[in-house]
Amino acid sequence: MKQPTGLVFDIQGYSVHDGPGCRTLVFLSGCPLRCAWCANPEGLELRKRLMFLNARCKQVANGCMQCVKRCPYGALSTTGDKENQLAIDRTRCDTCTTFDCAKACLWNALGVAGKEMTVAELYRIIDRDRQYWGDGGGVTFTGGEPLLQREFIVAILKRCQEGFVHTAIETSACVDTEHFLNALKYVNFAFIDVKHMDPVRHKAGTGVSNELTLKNIRALAASSWRGRLVLRIPVIAGFNDDMENMAAVADFMKDVGLREINLLPFHRMGDSKYTQLGLEYAYKNVDSMPLEHLSPMQQMFMERGIACYIGSHTPF
Numbered sequence: 041m042k043q044p045t046g047l048v049f050d051i052q053g054y055s056v057h058d059g060p061g062c063r064t065l066v067f068l069s070g071c072p073l074r075c076a077w078c079a080n081p082e083g084l085e086l087r088k089r090l091m092f093l094n095a096r097c098k099q100v101a102n103g104c105m106q107c108v109k110r111c112p113y114g115a116l117s118t119t120g121d122k123e124n125q126l127a128i129d130r131t132r133c134d135t136c137t138t139f140d141c142a143k144a145c146l147w148n149a150l151g152v153a154g155k156e157m158t159v160a161e162l163y164r165i166i167d168r169d170r171q172y173w174g175d176g177g178g179v180t181f182t183g184g185e186p187l188l189q190r191e192f193i194v195a196i197l198k199r200c201q202e203g204f205v206h207t208a209i210e211t212s213a214c215v216d217t218e219h220f221l222n223a224l225k226y227v228n229f230a231f232i233d234v235k236h237m238d239p240v241r242h243k244a245g246t247g248v249s250n251e252l253t254l255k256n257i258r259a260l261a262a263s264s265w266r267g268r269l270v271l272r273i274p275v276i277a278g279f280n281d282d283m284e285n286m287a288a289v290a291d292f293m294k295d296v297g298l299r300e301i302n303l304l305p306f307h308r309m310g311d312s313k314y315t316q317l318g319l320e321y322a323y324k325n326v327d328s329m330p331l332e333h334l335s336p337m338q339q340m341f342m343e344r345g346i347a348c349y350i351g352s353h354t355p356f
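Below is the structure:
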């Protein structure tokens, strides 16, 4: 039977903040949410994305025109401006499937986010990394939303379980409940994001309501699943960093019987990716959040009997 293929936009090794031990991170393309602060915009769409890094381009320095010549859609043109050397017509570029321009670039200024992989191809990389994990490590699937590619995520999770690989997932849980619970059967450790407890505010910040996410958290907590679940909140100033929202999260956790949460302070680590994609970053002028801003929130959770970890200060 033909193996399902998945679209993977990055693979990173030696992670120690995305589950127990040292881990390999696999980033799957596609996401149902559109969080304005997203640090991985190249993974939002379920398709390959062209990225341009101006600092590597040699058009002004030596008149290189290879990408312009190779583009079959006429989507690229040179500007002669050192600060912005290549003009890209994204409306034409986004229909491309061959990315001849990136193949022609001699300087790696143009690149493609997204690679189609079979389960066997991806598992070979995961299995190769096994020697670097040490005790307690494994693979973490993230994104994007890793559960969006339904057949592929279940197939690769099953293969990992067959190979005795510890599996973790970082998810918004914004997928249908039957698929969610089926996929989690092959997961040992799960992070689930709770962006906001108010459905209206949640939709304003992410483009979707939180109803499905909360429903799936409840369903998982009530199921026979034997993995470890840690909720996560990306703390965004002016959106969800008020104590009223945090208290609502704590009440929800107590109600469903959950006892661990990780607060992640906002950062701008994805800033340059928006520029490379030709997008405007809504948070480009917002400073990263200091850890001490989260201390009162942590104290509130702990007073309610909920273990609360800040940033990378985790016991995973």
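Residue 41 is where the sequence shown starts when you use our numbering, and the numbers rise one by one after that. Virtual Cβ for every residue (Gly too), placed ideally from N, Cα, C. Since the structure is predicted, the reported quantities are computational estimates derived from the model, not experimental observations.
From Ile-257 to Arg-272, what does the alpha carbon distance come to, in whole angstroms? Whole-angstrom Cα-Cα distance: 12 Å.
Whole-number beta carbon distance between Phe-279 and Ala-153, since they are thought to touch under 8 Å: Contact annotation, Ala-153 with Phe-279: C-beta distance approximately 26 Å; criterion of less than 8 Å not satisfied.
Going by C-alpha distance, which of Gly-184, Asp-295, Leu-73 is nearest Glu-82? Checking every option, the nearest Cα to that of Glu-82 belongs to Gly-184.
Taking C-alpha atoms, which residue in Leu-116, Lys-88, Asn-94 lies nearest to Thr-137? Measuring from the Cα of Thr-137, the nearest candidate turns out to be Lys-88.
Quick check on the DSSP output: the beta strand (DSSP E) that includes Cys-71 runs from which residue to which? Run containing Cys-71: none; DSSP gives neither H nor E here.
How long is the line joining the alpha carbons of Arg-199 and Trp-265, rounded to whole angstroms? Spanning the two alpha carbons is a distance of roughly 19 Å.
Is the region 117-131 in contact with the region 98-107, if contact means three or more CB pairs nearer than 8 Å? Yes, since at least three Cβ pairs between the region 117-131 and the region 98-107 fall closer than 8 Å, the two stretches touch.
By Cβ distance, which residues of its chain are closer than 8 Å to Arg-110, with the 5 residues on each side in sequence left out? Around Arg-110: Asp-140, Cys-141, Lys-143, Ala-144.
Span separating the alpha-carbon of Val-179 from that of Gly-103: Distance between Val-179 and Gly-103, taken at the CA atoms: about 44 Å.
Chain-order list of residues whose beta-carbon lies under 7 Å from that of Leu-319 (same chain, five-residue window excluded): The beta carbon of Leu-319 sits closer than 7 Å to those of Pro-81, all from its chain and outside the five residues before and after it, given in chain order.
Would you call Lys-313 buried or exposed, if buried means 16 or more other Cβ atoms sit within 10 Å of its Cβ? With 16 or more other CB atoms across the displayed protein chains lying within 10 angstroms of its CB, Lys-313 is buried.
With burial defined as no fewer than 16 other Cβ atoms inside 10 Å of the residue's Cβ, what is the status of Lys-235: buried or exposed? Taking all protein chains in view, the Cβ of Lys-235 is crowded by 16 or more other Cβ atoms within 10 Å, so the residue is classified as buried.
Tell me the DSSP bridge mates of Glu-377? No answer is possible for residue 377: it lies beyond the span of the chain, which begins at 41 and ends at 356.
Tell whether a beta-carbon distance below 8 Å holds between Cys-348 and Ile-301. Cβ atoms of Cys-348 and Ile-301: closer than 8 Å.
Nearest candidate by alpha-carbon position, reference Ala-287, set Gly-247, Arg-344, Asn-325, Tyr-323: Nearest of Gly-247, Arg-344, Asn-325, Tyr-323 to Ala-287, Cα basis: Arg-344.
Which residues bound the alpha helix (DSSP H) around Cys-200? 190-202 is the extent of the alpha helix (DSSP H) around Cys-200.
Looking at C-beta atoms only, is the number of pairs between the region 202-210 and the region 237-246 that lie closer than 8 Å three or more? In the pairwise beta carbon analysis, the region 202-210 is classified as not touching the region 237-246: fewer than three pairs are separated by under 8 Å.
I need the DSSP call for Tyr-30, collapsed to helix, strand or coil. Lying before the first or after the last residue shown, residue 30 is absent from the chain, which here runs from 41 to 356.
Would you tell me roughly how many angstroms separate the C-alpha atoms of Phe-231 and Glu-251, rounded to the nearest one? Straight-line Cα distance between these residues: approximately 17 Å.
Is there contact here, the region 54-70 with the region 292-306, by at least three beta-carbon pairs under 8 Å? Under the three-pair Cβ rule at 8 Å, the region 54-70 does not count as touching the region 292-306.
In chain order, which beta strand (DSSP E) runs of at least 3 residues are fully inside the region 250-286? Counting only runs of 3 or more, we get 268-275.
Near Val-227, which residues of its chain fall below 6 Å by C-beta distance, leaving aside the five closest residues on each side in sequence? Taking Val-227 as the centre and dropping the five residues before and after it, the same chain places the C-beta of Thr-207, Ile-209, Gly-267 closer than 6 Å to its C-beta, in chain order.
When Ile-193, Ile-350, Thr-135 are compared against Tyr-163, the one with the closest alpha-carbon: Nearest Cα to Tyr-163 within the set Ile-193, Ile-350, Thr-135: Ile-193.
Taking the alpha helix (DSSP H) that Tyr-314 belongs to, which residues open and close that run? Note, Tyr-314: alpha helix (DSSP H), 311-317.
With C-beta atoms as the reference, is Leu-331 less than 8 Å away from Pro-305? Yes, the pair counts as a contact, with Cβ atoms nearer than the cut-off.
Among the candidates Val-215, Thr-315, Cys-78, Gly-174, whose CA atom is the shortest distance from the CA of Arg-190? Per the C-alpha coordinates, the member of Val-215, Thr-315, Cys-78, Gly-174 positioned closest to Arg-190 is Val-215.
Given Met-283, which residues of its chain have a CB within under 8 Å of its CB, disregarding the five upstream and five downstream residues? Take Met-283, set aside five residues on each side of it, and the residues of its chain with a beta-carbon closer than 8 Å to its own are Pro-336, Met-337, Met-340, in chain order.
Proximity of Gly-46 and Leu-68 at Cβ, strictly below 8 Å: By the CB criterion at 8 Å, Gly-46 and Leu-68 fall inside the cutoff.
Under 8 Å between the Cβ atoms of Gly-334 and Ile-346? Correcting the residue type first, residue 334 is Leu in the shown sequence and not Gly. No, Cβ-Cβ distance for Leu-334 and Ile-346 is not below 8 Å.
What does the alpha-carbon distance come out to for the pair Leu-303 and Ala-322? Spanning the alpha carbons of Leu-303 and Ala-322 requires a straight line of approximately 21 Å.
Identity of the residue in Met-91, Arg-308, Leu-197 nearest Val-326 by Cα: It is Arg-308 whose Cα lies nearest to the Cα of Val-326.
Can you tell me where the beta strand (DSSP E) holding Leu-90 begins and where it ends? Taken as a continuous stretch (DSSP letters only), the beta strand (DSSP E) holding Leu-90 covers 89-92.
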